[in-house]
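Asks: In this note's numbering, the protein residues as written are 7 to 909.
Even glycine gets a Cβ: it sits at the ideal position worked out from N, Cα and C.
Have a look at this one.
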């Protein structure tokens, strides 16, 4: 089993620690106050202040220079520093080229016994392997501080109770730089946390992928996009690039004067160099004369509803004070000052305008090819072009610590960073979005996945903010121009407000719009939004949705999701579409703190009946999916669990992806259901009865309930049909019951059942679906038999005759019913889309003029010989009908039009 070596393998204390490469060039001693000038990690620098001080460590720490703070005013010469950095860069590149550790996939157990432990390894909570994997001991006193640091620089892979596993990656390191860290700081702190000497290749990998991030940014000004950078060499490289260069918009004569006539501070002037930027492609203007330039230091931002300002500079000062009491292991790997005097006031900014339609391609090219990711930041306090909104949090709003921590990563440098915040379902993502909007106080656009979530977001804005509800706009297609789903009434038309909530489909749909929708759509596309909130941001990489980002102008984008994963490997596109991941919370930590419900997850095995299994073995893929979804033993288990939990006064949700199964379960259980074509008014009525009355204790949902539906009262979930092996869907469905529900004397107050037909492909899909949740620390209990199920004689399909009737109805279902799911959600999911074919035919052919006839097919979706044979066999077995006497070519004919079969 791969992982860190056990403690019994520790080396003798007398053994000398591993030595590393000596300093590349002689440099003057650097005081600790300048050693890590940008190590602030948002609002919680405790992960450094709580590290073991120098006096408590031995080994590599003891070798650090003892006179770090003696020459506080001495600085390293810039030329010497630049030469050292260039030589370090060459050595890092050579080391990475000579090794394939980071490219090799771990497929077998690895031996880490060769790693030499530091003598005081017990005080350090982290193991670092040479392939970039990091292991964190959760029982360490420094767990919380180390977790905040690791989740900022790496991707969580598995987070069970005892040991967490993380992996260094390029996007994660760029995210770390976006929240105030730099390469040398990451290396030194990671070395300080590590139980062994940090592998040199890991340090080289970190420095390589943090070296260029933050050197360029893209901003929106008056509906135009500009690329800005501090370094002229970077600007020239962009302009000479074959993709970025042709996308540049050349300045027009007199354009600079026209722009300057607007006057004002901050956002009132265009970026210098955007217009009239000198002669030649590389001659860009000096931005010191004004305009929305890049403020490096930042003044800090007070979050809405908060008292203390969130500032990277403030966190830097507190960290420096903590480091003055000790030191780090920076000397172990030649680390030192980053040498970036970014706080200097003589910085120059070079900028130029690019075409808006090429922004996505440019961001992708800079991210993947040039290794110069473009940051997006919004100086909303200096923006005088967009009027501020009188909006703040109500006194009843209480931000939880992890919510404040996530927002501090967004506003830590005095501006609003574009990025993604990952919080579990039920952890309050809506309040995070509302707080961000109240902090920016600029026009806000909120994008959701369904019309139900639109109304829920409008409710959340009205609940937590002081903005009147009549100023919270909506844009939906429900009820014509009606936005609130009044059954088609025109009393709630769509409109654009200070805060507007709509769906991805409404902005991404390219079809012709109604006369009532066009003005609203044009107003949204022409408006310059300060903040764009993207709920369930994992859907954005879909082709139909990523166009939305280019059709709407927004200064800052904040993505919210609980499951930052997709099955099509497009999740990495979010780095350049939205921004880096700013924060990710640990599910089990929030559960232990009482912010999430304690869930018991169970996989219930339901044996296939002999008749169903016989047809399953010879059926088509679509028929197989329907057969294991409608397995009589699964139906009986579902009914048994519903009765059991309704007797306990629980609120139960039943999920089914297959619409045929959804309708059948709803009919058998006599419970209401919601699917894609359910009217909006009917949806809201069912949800209201389920949440607030004892009349409805069980509802059935299709894929429309996977995301963006807030049902805090639900505490039991039963899954009978799913979308193959989608890990995202499994986690999203679990999130429907994660709202905290305190019940005295109970260890578990929420229950998640996944009903699986044994000996079918559903068992393989179930194992794959559970991987994400098991990586979050959840454990699935396998139930092979439900106690009391056999004693319940009044359950449906208890007799063989009833089971055969069910089998006949399943086989008689057409092929489209076997695989039908809500088309609305297929675009949202990462799986396969519903297949649609269009046949060219004349009106005469459609009306029977081509010699065709109308007939009632047993399987209306196809004429497969195997399907017809199965239908004939079951019909004969169940009803005793002579099928050969009434069937021809799989067609059942009306007696008035039946032809002689020629027998």
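Is there contact here, the region 653-671 with the region 720-729, by at least three beta-carbon pairs under 8 angstroms?
Replies: Taking one beta carbon from each stretch, the region 653-671 and the region 720-729 have 3 or more pairs nearer than 8 angstroms; the two touch.
Asks: Expressed to the nearest angstrom, what Euclidean distance is found between the alpha-carbon atoms of residue 413 and residue 438?
Replies: Residue numbering aside, residue 413 sits at position 407 when the chain shown is read from its first letter. Residue numbering aside, residue 438 sits at position 432 when the chain shown is read from its first letter. Those two C-alpha atoms are separated by around 7 angstroms.
Asks: Return yes when the Cβ of residue 376 is within less than 9 angstroms of the Cβ of residue 440, no when it is not.
Replies: Taking the chain shown and counting its residues from 1, the one referred to as residue 440 is at position 434. Taking the chain shown and counting its residues from 1, the one referred to as residue 376 is at position 370. In this structure, residue 376 does not lie closer than 9 angstroms to residue 440 by Cβ.
Asks: To which residues of the same chain is residue 617 closer than 7 angstroms at the C-beta, ignoring the five residues directly before and after it?
Replies: As a first step, residue 617 must be located in the chain shown, where it is residue number 611. Hits under 7 angstroms: 809, 810 and 813.
Asks: Tell me whether residue 425 sits in a helix, a strand or coil according to DSSP, three-state version.
Replies: Along the chain shown, one-based indexing puts residue 425 at 419. Here residue 425 sits in strand by DSSP.
Asks: Between the Cα of residue 223 and those of 534, 234, 760 and 626, spot the shortest distance and give me the residue it belongs to.
Replies: Taking the chain shown and counting its residues from 1, one reaches residue 223 at position 217. It is 234 whose Cα lies nearest to the Cα of residue 223.
Asks: When you compare the CB positions of residue 612 and residue 762, do they come within less than 9 angstroms of one another, or not?
Replies: Taking the first residue of the chain shown as 1, we reach residue 612 at position 606. Taking the first residue of the chain shown as 1, we reach residue 762 at position 756. A Cβ-Cβ contact shorter than 9 angstroms links residue 612 with residue 762.
Asks: Could you compute how far the alpha carbon of residue 163 sits from the alpha carbon of residue 132?
Replies: Within the chain shown, numbered from 1, the residue matching residue 163 stands at position 157. Within the chain shown, numbered from 1, the residue matching residue 132 stands at position 126. Cα-Cα distance, rounded: 15 angstroms.
Asks: Quick one: what's got a C-beta closer than 8 angstroms to residue 168's C-beta in the same chain, skipping five residues either side?
Replies: Looking up residue 168 in the chain shown gives position 162. Once the five neighbours on either side are set aside, the close Cβ partners of residue 168 are 143, 144 and 145.
Asks: Could you please give me the residues that DSSP links to residue 609 through a beta bridge?
Replies: On the chain shown, residue 609 is found 603 positions in, with the first residue counted as 1. Looking at the DSSP assignment, residue 609 forms a beta bridge with 760 and 788.
Asks: Hey, how far is the Cα of residue 806 from the Cα of residue 661?
Replies: Here residue 806 refers to the residue found at position 800 of the chain shown. Here residue 661 refers to the residue found at position 655 of the chain shown. Their Cα atoms are separated by approximately 26 angstroms.
Asks: Give a yes or no on whether the C-beta atoms belonging to residue 153 and residue 595 are separated by under 9 angstroms.
Replies: In the chain shown, the residue the question calls residue 153 occupies position 147. In the chain shown, the residue the question calls residue 595 occupies position 589. Yes; because the gap between Cβ atoms is below 9 angstroms, this pair is in contact.
Asks: Is the region 228-244 close to the region 360-372, with three or more CB pairs under 8 angstroms?
Replies: yes
Asks: Please list, in chain order, all residues of the same chain as residue 697 whose beta carbon is under 6 angstroms from its beta carbon, the five residues on each side excluded.
Replies: In the chain shown, counting from the first residue as 1, residue 697 sits at position 691. Once the five neighbours on either side are set aside, the close Cβ partners of residue 697 are 719.
Asks: Would residue 225 and residue 173 be called neighbours here (beta carbons separated by less than 9 angstroms)?
Replies: Numbered from its first residue, the chain shown carries residue 225 at position 219. Numbered from its first residue, the chain shown carries residue 173 at position 167. Against a cut-off of 9 angstroms, the Cβ pair of residue 173 and residue 225 comes out as no contact.
Asks: List the endpoints of the continuous alpha helix (DSSP H) containing residue 771.
Replies: By one-based count along the chain shown, residue 771 stands at place 765. From DSSP, the alpha helix (DSSP H) with residue 771 extends over 767-775.
Asks: Under 8 angstroms by Cβ, that's how I've got residue 568 and residue 367 pegged, so tell me the actual separation to the nearest angstrom.
Replies: Numbered from 1 along the chain shown, position 562 holds the residue referred to as residue 568. Numbered from 1 along the chain shown, position 361 holds the residue referred to as residue 367. With a beta-carbon spacing of about 30 angstroms, residue 568 and residue 367 fall beyond the 8 angstroms limit used to define contacts.
Asks: Per DSSP, what kind of secondary structure is residue 141 in: helix, strand or coil?
Replies: For the purposes of this step, residue 141 is identified with residue 135 of the chain shown, where counting begins at 1. In this structure, residue 141 counts as strand in the three-state DSSP scheme.
Asks: For residue 96, does the count of other Cβ atoms within 10 angstroms reach 16, so buried, or fall short, so exposed?
Replies: Residue mapping note: residue 96 aligns to position 90 of the chain shown, counting from 1. By the 10 Å Cβ count, residue 96 comes out exposed.
Asks: Can you find at least 3 beta carbon pairs, one from the region 634-651 and one from the region 756-771, that sit closer than 8 angstroms?
Replies: yes
Asks: In terms of alpha-carbon separation, which member of 740, 706 and 788 lies closest to residue 648?
Replies: Against the chain shown, residue 648 aligns to sequence position 642. When each option's Cα is compared against that of residue 648, the closest is 706.
Asks: How many Å lie between residue 346 and residue 238 at the Cα?
Replies: Reading the chain shown from its first residue, position 340 is the one you call residue 346. Reading the chain shown from its first residue, position 232 is the one you call residue 238. With a pLDDT of 42 at residue 346, under the threshold of 50, the modelled position of this residue cannot be trusted; read the value that follows with caution. Residue 346 and residue 238: Cα-Cα distance of roughly 16 angstroms.
Asks: So within the region 179-204, which uninterrupted alpha helix (DSSP H) runs reach at least 4 residues, ignoring any that extend past its ends?
Replies: Complete alpha helix (DSSP H) runs here, min 4: 189-199.
Asks: Is it right to say residue 116 is buried, meaning 16 or more other beta carbons lie within 10 angstroms of its own, or is it exposed?
Replies: Stepping through the chain shown from its first residue, residue 116 is reached at position 110. Per the 10 Å Cβ criterion, exposed.
Asks: Going by CA-CA distance only, name the one from 98, 388, 254 and 768 that's closest to residue 364.
Replies: For this step, residue 364 is matched to residue 358 along the chain shown. When each option's Cα is compared against that of residue 364, the closest is 254.
Asks: Look at residue 446 and residue 480 and say whether their C-beta atoms are less than 9 angstroms apart.
Replies: In the chain shown, residue 446 corresponds to position 440, counting from 1. In the chain shown, residue 480 corresponds to position 474, counting from 1. Not a contact, by the Cβ cut-off of 9 angstroms.
Asks: Would you call the CB atoms of residue 585 and residue 184 closer than 9 angstroms?
Replies: Here residue 585 corresponds to residue number 579 of the chain shown, with the count starting at 1. Here residue 184 corresponds to residue number 178 of the chain shown, with the count starting at 1. Yes. Within cutoff.
Asks: Beta strand (DSSP E) containing residue 724: first to last residue?
Replies: In the chain shown, counting from the first residue as 1, residue 724 sits at position 718. Here the beta strand (DSSP E) through residue 724 covers 722-725.
Asks: Which same chain residues, not among the five before or five after residue 176, have their C-beta less than 6 angstroms away from its C-beta?
Replies: Walking along the chain shown from the start, residue 176 turns up at place 170. These residues qualify, in order along the chain: 215.
Asks: Could you check how far apart the C-beta atoms of residue 134 and residue 208 are, in whole angstroms? I think they sit under 8 angstroms.
Replies: By one-based count along the chain shown, residue 134 stands at place 128. By one-based count along the chain shown, residue 208 stands at place 202. Yes, they are in contact, since the Cβ atoms of residue 134 and residue 208 sit about 6 angstroms apart, within 8 angstroms.
Asks: Go to residue 525, then tell me how far its alpha helix (DSSP H) extends in each direction, as first and last residue.
Replies: Taking the first residue of the chain shown as position 1, residue 525 is located at position 519. Taken as a continuous stretch (DSSP letters only), the alpha helix (DSSP H) holding residue 525 covers 523-532.
Asks: Can you tell me whether residue 532 is buried or exposed? The criterion is at least 16 other CB atoms within 10 Å of its CB, across all chains shown.
Replies: Position 526 of the chain shown, counted from the start, is the residue given in the question as residue 532. Label assigned to residue 532: exposed.
Asks: Going by DSSP in three states, residue 559 sits in which element: helix, strand or coil?
Replies: For the purposes of this step, residue 559 is taken as the residue at position 553 of the chain shown. Residue state, collapsed to three classes: strand.
Asks: Less than 9 angstroms separating the beta-carbons of residue 424 and residue 563?
Replies: If you number the chain shown from 1, residue 424 lands on position 418. If you number the chain shown from 1, residue 563 lands on position 557. Going by C-beta atoms, residue 424 is nearer than 9 angstroms to residue 563.
Asks: Determine whether the beta carbon atoms of residue 371 and residue 250 lie at a separation below 9 angstroms.
Replies: As a position in the chain shown, residue 371 is number 365, starting the count at 1. As a position in the chain shown, residue 250 is number 244, starting the count at 1. Yes, Cβ-Cβ distance for residue 371 and residue 250 is below 9 angstroms.
Asks: If we ignore side chains and look at the alpha-carbon of each, how far apart do residue 355 and residue 386 end up?
Replies: On the chain shown, position 349 is the one that residue 355 refers to. On the chain shown, position 380 is the one that residue 386 refers to. Straight-line Cα distance between these residues: approximately 19 angstroms.
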